[in-house]
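Those sequence lines, one after another, are chains A and B. Under full-length UniProt numbering, the residues of the first sequence are numbered 1 to 694, in order. Under full-length UniProt numbering, the residues of the second sequence are numbered 1 to 411, in order. All C-beta atoms in this analysis are idealised placements derived from N, C-alpha and C, irrespective of residue type, glycine included. These numbers come from a predicted model, not from an experiment. Presented below is the structure to which this report refers.
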Amino acid sequence: MTAARFAVAALLAGAAGWAFHRVFDARALVLVVAVAATVPVLVAALLRSRPLWLALLAGLPLWCAGAALAVYGTVAPAVLARIPADLANSWQALLGTLLPAPAEPRLLILVYTLVWLAAVTGAELVGRSRTRAAPALPAIIVFGIAVLLGVGGTGSNLPVAAVLLALTALLSLLGDRLPALWLAAGVPAVGALAALAMLAGPLLPLAREPYDPRADAVPPQPVRFDAVSPLDRISAWLRRPETELFTVRSRTPLNWRLAVLDRYDGVRWTSSARFVPTGGRVPPGERTGKAYDVEQTVTVKALRDRWLPAAERPTWVSGLTGVVTDPDSGALVAGAKTSQGLTYRVTSRIEQPTKEELRAATPSGDAALLHVPAGRYEQEFRRLAQQATRGATLPYRQAEMLEEFLRGSARYDITAPPGHSLPSLDFFLRETRRGTSEQFAATFALMARTLGLPTRVVVGFRPGTQEGGVYKVTTGDVIAWAEVRFAGLGWLAFDPTPPRSGEQSRHDVPSAVEKERRRLDQELGEVTADKPRPSTKPTRRPDSAPEEAGLPGWALAVLAVAALALAYVALALLLPWWRRRARRNAGDAGLRVAGAWRQTCDDLGLTGEDALTAQEVVRHGDETHGADVAAHLAPLADITNFARYAPDGAGPHDAEEAWRRSDAVHTLLRRRTPPLRRLTRRLHPRTLIPPRPR
Amino acid sequence: MSSHYPDHEATHAAAGRYAADPGHGGEGVPVSYAAPQAQPQAAYAGAYQNQGYQGHPQQGQYAQQHGRHSQQAQHAQQVQQAQHAPQGAGDVAALAGQFAQRFTLLAQNIERVIRGKREAIELALVCLFAEGHLLLEDVPGTGKTTLARSIAASVDARLRRIQFTPDLLPSDITGVSIFNQATQSFEFHEGPIFANIVLGDEINRASPKTQSALLEVMEERRVTVDSASHPVPRPFLVVATQNPVDMDGTYPLPEAQLDRFLMRISVGYPDHAAEVEVLKGMPTGPQVEQLPLVARASDIAGMIDFATRIHVADPIYDYVVALVAATRTSPEIRLGASPRASLALVRAAKVKAAAAGRHYVVPEDVKALAVPVIAHRLVLTPEAELRERTGAALVSEIVAGLPVPQAFAGV
């Protein structure tokens, strides 16, 4: 029986460890969880007749050895020395990693240790205590941690929860002999409770938007790895347009996005991305509407950068190690600079917003995305932007008109002076009117920002030249464009760069997105601005928009908690009253006497003190509550003993007398207990526990 | 108890029905120490004789087998019938009050000599009325012998004292058959065991052979010499003493022998006030020899018989069995209590109930007797002994944690 209980303890720890399958790739977990769940249980089972400290001490070197072998795959001393530091950092590292997390030892060590702890605690509880279900508690706690860390991961932990429940029930059944009542009532009750939790759980406000600890984790510092902004390299690349940077195998021609720059300080555009490690998954963007996926295989040729080209917003990247991604922009960055021959696969999601969505689009973004350094340049840009978008009321239409304005007002020229500081942009707009996409995109971004459109600049490449299903991308294909963020739609691209004069033929493959855009633009252009602009401050509105629909989740939760608390209070107050009434009105005189005695014991606060005899209760009453209480208790104890143990049994008179005494004790106790204390005692969960038959 | 709760006494007129406390619940039979042979004893004995409870079931069966005391055998059957007849409960209730009165009187009488040791005295008396034997284990000078002598003096019983020494022979206890040349036959000369109360002093000093001779008599209540059985008189109480300190050259009693003692108790040192009392009354205070006679040996036999009629409800049996079973499953106990222990516990609990003036046993009785009745029968594991755990402590723990049977009122 004990061996079976040990086995169940190991299975419990293993099941709890398996709950991490939403965090890590399942294959990486098998060995780690298996070792961590079995070894400590074996140690505990073998050493259970020895002192606890010895068993725990014996487990320590095994833990180290198991960690080195199962997690790190080697027993080198350097690895052993790394374990404590890795363990200390693993929590933070795991919170800063996108799911699924890469199967790295420095992250897996946390799973290994948690499962080990659950197994040790569970097995020692099995071996050294007589508790029935307590050995399952550590595993359930680890399961809770795994669920919390797995929020946002793929797959479901529902089967794991069911297995844990079943194992816990098995553990209870394997314990000491269980009264039949427990089996008859307990098992269906637990089953019903589990079914209720499964049905009602998804309805809770928390289930729709589960708490993600990553949201509260301290985000990693922005990575500043590029000394030269990609925007600065556009001119240089355009001067030598023939260098083949990379090739893309894709069924659809798309603009290949390289870097995303969203902060402008008046001199340069930089990225505020906070990159987090990922095992391949890139969190989806804001929009959940119509879209299609495009798979690309990118092979790097001459590109020497850490930014990784990919179409639109990637959802999955594979074939690389140490990839980090910015969950906000979806930009991908490699662990080291790319080198020739590097190949990776990216799956991207191409959004297809509908006409209605674009018409209803409202800008949304924080103040940093609207920042333009104040001064005369800002006023000039604002004036020009307002002039360019006169008559337009829809935010999306404004952006379009701005795009058209820039396309028409300046010329594309790769020989134009580079630079995107405020003075050079002003010079570009008013004097030279010649520039590369660097100036066009940067100017568009600043002008859009003065209109209240949250805008950023993206550096990337045109689709390139198609050769047998493979798009060759050269330095000449480099292009910068701007993106505006709309609520519910995410970032929408605007390309303010006019077509390249004389080179149009080279770029015979227009981006699929661009084609789609043009079609929509035409349709939208036909629709005149018939609707008034929603607000003069469009950026404020979207923040409050979703909360207007119905009660917010927290309010519902508060209401539910309040209702539960109210129900509890009502139950806690009514139940004792009902119990007293039922005891007083029991059919048999002997039962009424027993009821009076139990009532008095409850009043004295002796509920559950099974081992006290009647006289001991009297003594307790005398010592704790004084002689006047004991004066009623003593005859009540005599009547109770008489009713229970004498051959002649109790009569109605005895029952009346017993209740008279019980009421007297009740009144005395009530009189000397302060009301607040009485209330807290009433509200104690103990009052709800039904008395057990003995 | 009731003296602490005046309200109880004043308002609960029916108290005597539930617990006929000796102080006030009974009829108030006048008792005179000066004339111990007077009215009370006669009335008391008469009451039992009228009820026909002279006989003892065991003895009755024994008598029937041997064709003697056939009248007692009939009584025995009546007793057994009466136990199952609820209509007799009222009489038993009334008699329980008298029993309690007599018991208290005896205890008070003995307490005149053994000061401040009411608990030990009552336990010894429970032993007497439960027809068990008492093992007194204590350091010298705490009144072990005096206790046995006081009991004997109070009940007009024949007391014999056997000082156990290593050279004591079994026949020194049981007696010998001597050839009488005049009658040309063997005559049995009774040994010191033929007495109502036998004080076996320092029983562990005798050889195991001698010890077992005594223990045999204790169990069988008769001595067999040369194929002739010689019953010992009633009441028959062996009070054996042991000194737990000076163990050199002793033969500790084996567990099987210890099991034959109903209880093991220790008198213990008196508290400060009681010892002052003892010193004050040293030269002229009450002496054992001057103790007034409270009951005759025949009264005691009647009371012994009466105690067997005390009602034991089923939950009490459950409680006793659970208690004994708990000693068998405790991880610190190598050998738990035997069924003999549970029988002994019920027997003693009945006397305890009667001594409290009740005609039914309550869990308090069992709880109060669990340690003296069970503790000495346990054999602890070596680990528990190393930790200096004692049987008494273990039994106390078991009793403190064992749920008392209580009526389930439904809610």
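Amino acids of chain A, ordered along the chain, whose beta-carbon sits closer than 9 Å to that of residue i
{"i": "residue 402(B)", "result": "610 and 611"}
Residues that residue i contacts on chain A, provided the C-beta gap is smaller than 8 Å
{"i": "residue 316(B)", "result": "645"}
{"i": "residue 117(B)", "result": "By Cβ distance, chain A contributes nothing, its closest Cβ being about 21 Å from residue 117(B), past 8 Å."}
heavy atom of the ligand COA below 6 Å from residue i C-beta
{"i": "residue 647(A)", "result": "The ligand COA is not part of this structure, which contains no ligands at all."}
Bridge-paired residues (DSSP) for residue i
{"i": "residue 659(A)", "result": "Partner(s): none; residue 659(A) has no beta bridge."}
{"i": "residue 318(A)", "result": "345(A)"}
{"i": "residue 412(A)", "result": "435(A)"}
{"i": "residue 398(A)", "result": "Partner(s): none; residue 398(A) has no beta bridge."}
{"i": "residue 492(A)", "result": "484(A)"}
{"i": "residue 321(B)", "result": "Paired residue(s): none; residue 321(B) is not in a bridge."}
{"i": "residue 310(A)", "result": "257(A)"}
{"i": "residue 363(A)", "result": "486(A)"}
{"i": "residue 460(A)", "result": "257(A) and 479(A)"}
{"i": "residue 471(A)", "result": "248(A) and 466(A)"}
{"i": "residue 311(B)", "result": "360(B)"}
{"i": "residue 269(A)", "result": "264(A)"}
{"i": "residue 455(A)", "result": "484(A)"}
{"i": "residue 234(A)", "result": "Bridge partners of residue 234(A): none, in fact."}
{"i": "residue 291(A)", "result": "351(A)"}
{"i": "residue 281(A)", "result": "316(A)"}
{"i": "residue 470(B)", "result": "Since the displayed chain B opens at 1 and closes at 411, residue 470(B) lies outside it and no answer follows."}
{"i": "residue 296(A)", "result": "250(A) and 346(A)"}
{"i": "residue 276(A)", "result": "325(A)"}
{"i": "residue 358(A)", "result": "DSSP lists no partner for residue 358(A)."}
Partner residues on chain B for residue i, Cβ-Cβ distance less than 9 Å
{"i": "residue 614(A)", "result": "362, 363, 364, 404 and 406"}
Whole-number beta carbon distance between residue j and residue i, since they are thought to touch under 8 Å
{"i": "residue 652(A)", "j": "residue 589(A)", "result": "5 Å"}
{"i": "residue 267(B)", "j": "residue 394(B)", "result": "Actually they do not touch by this definition, with Cβ atoms about 22 Å apart."}
{"i": "residue 285(A)", "j": "residue 318(A)", "result": "In fact, because the Cβ distance is near 19 Å, the residues do not count as touching under 8 Å."}
{"i": "residue 153(A)", "j": "residue 33(A)", "result": "With 8 Å as the limit, residue 153(A) and residue 33(A) do not qualify as a contact, their Cβ atoms being about 16 Å apart."}
{"i": "residue 364(B)", "j": "residue 615(A)", "result": "5 Å"}
{"i": "residue 433(B)", "j": "residue 288(B)", "result": "The displayed coordinates of chain B run from 1 to 411. Any statement about residue 433(B) would go beyond what the structure contains."}
{"i": "residue 160(B)", "j": "residue 124(B)", "result": "Contact flag wrong, Cβ pair sits at about 17 Å."}
{"i": "residue 699(A)", "j": "residue 260(A)", "result": "Residue numbering for chain A in the displayed model covers 1 to 694; residue 699(A) lies beyond these limits and cannot be assessed."}
{"i": "residue 173(B)", "j": "residue 192(B)", "result": "6 Å"}
Residue i: contacting residues in chain A (beta-carbon distance under 7 Å)
{"i": "residue 367(B)", "result": "613"}
Minimum Cβ-Cβ distance from residue i to chain E less than 7 Å
{"i": "residue 236(B)", "result": "You won't find chain E in this structure, because its protein chains are A and B."}
Query - the stretch 2-18 of chain A / the stretch 123-137 of chain A touching (three or more Cβ pairs under 8 Å) - result: yes
Requested in this report: Count the CB pairs spanning the stretch 470-482 of chain A and the stretch 377-391 of chain A that are closer than 8 Å, and state whether there are at least three.
Outcome: no
Query raised in the report: Is the stretch 409-419 of chain A touching the stretch 227-241 of chain A, taking contact as three or more C-beta pairs under 8 Å?
Result: yes
Requested in this report: Scan the stretch 365-408 of chain B and note each continuous alpha helix (DSSP H) run of 4 residues or more that stays entirely inside, going in chain order.
Outcome: 382-386 and 391-401
Query raised in the report: Should the stretch 102-110 of chain B be regarded as contacting the stretch 221-236 of chain B, the criterion being three or more beta carbon pairs within less than 8 Å?
Result: no
Query - Inter-stretch contact (C-beta, 8 Å, three-pair minimum) for the stretch 306-322 of chain A and the stretch 253-266 of chain A - result: yes
Query raised in the report: In chain order, which alpha helix (DSSP H) runs of at least 4 residues are fully inside the UniProt domain "ATPase AAA-3" (133-263) of chain B?
Result: 144-154, 170-174, 208-220 and 255-258
Report task. Would you list, in sequence order, the uninterrupted alpha helix (DSSP H) runs of no fewer than 4 residues that lie entirely inside the stretch 26-65 of chain A? Result -> 26-46
Query - Contact between the stretch 288-305 of chain A and the stretch 57-74 of chain A (3+ Cβ pairs under 8 Å) - result: no
Query raised in the report: Looking at C-beta atoms only, is the number of pairs between the stretch 316-325 of chain B and the stretch 263-280 of chain B that lie closer than 8 Å three or more?
Result: no
Query raised in the report: Does the pairing of the stretch 117-131 of chain B with the stretch 244-257 of chain B give three or more beta-carbon distances under 8 Å?
Result: no
**Report entry** Cβ contact (3+ pairs, closer than 8 Å) linking the stretch 41-55 of chain A and the stretch 127-142 of chain A
**Finding:** yes
Query raised in the report: Between the stretch 140-151 of chain B and the stretch 180-192 of chain B, are three or more C-beta pairs nearer than 8 Å?
Result: no
Report task. Evaluate the contact criterion for the stretch 370-385 of chain B versus the stretch 330-340 of chain B: three or more CB pairs, one atom per stretch, below 8 Å. Result -> yes
Query raised in the report: So does the stretch 354-371 of chain B actually touch the stretch 335-342 of chain B, counting three or more Cβ pairs closer than 8 Å?
Result: no
Query raised in the report: Do the stretch 592-610 of chain A and the stretch 640-656 of chain A touch if we need at least three Cβ pairs shorter than 8 Å?
Result: yes
Query raised in the report: Given 8 Å as the limit, is there contact between the stretch 652-664 of chain A and the stretch 625-635 of chain A, that is, 3 or more CB pairs closer than that?
Result: yes
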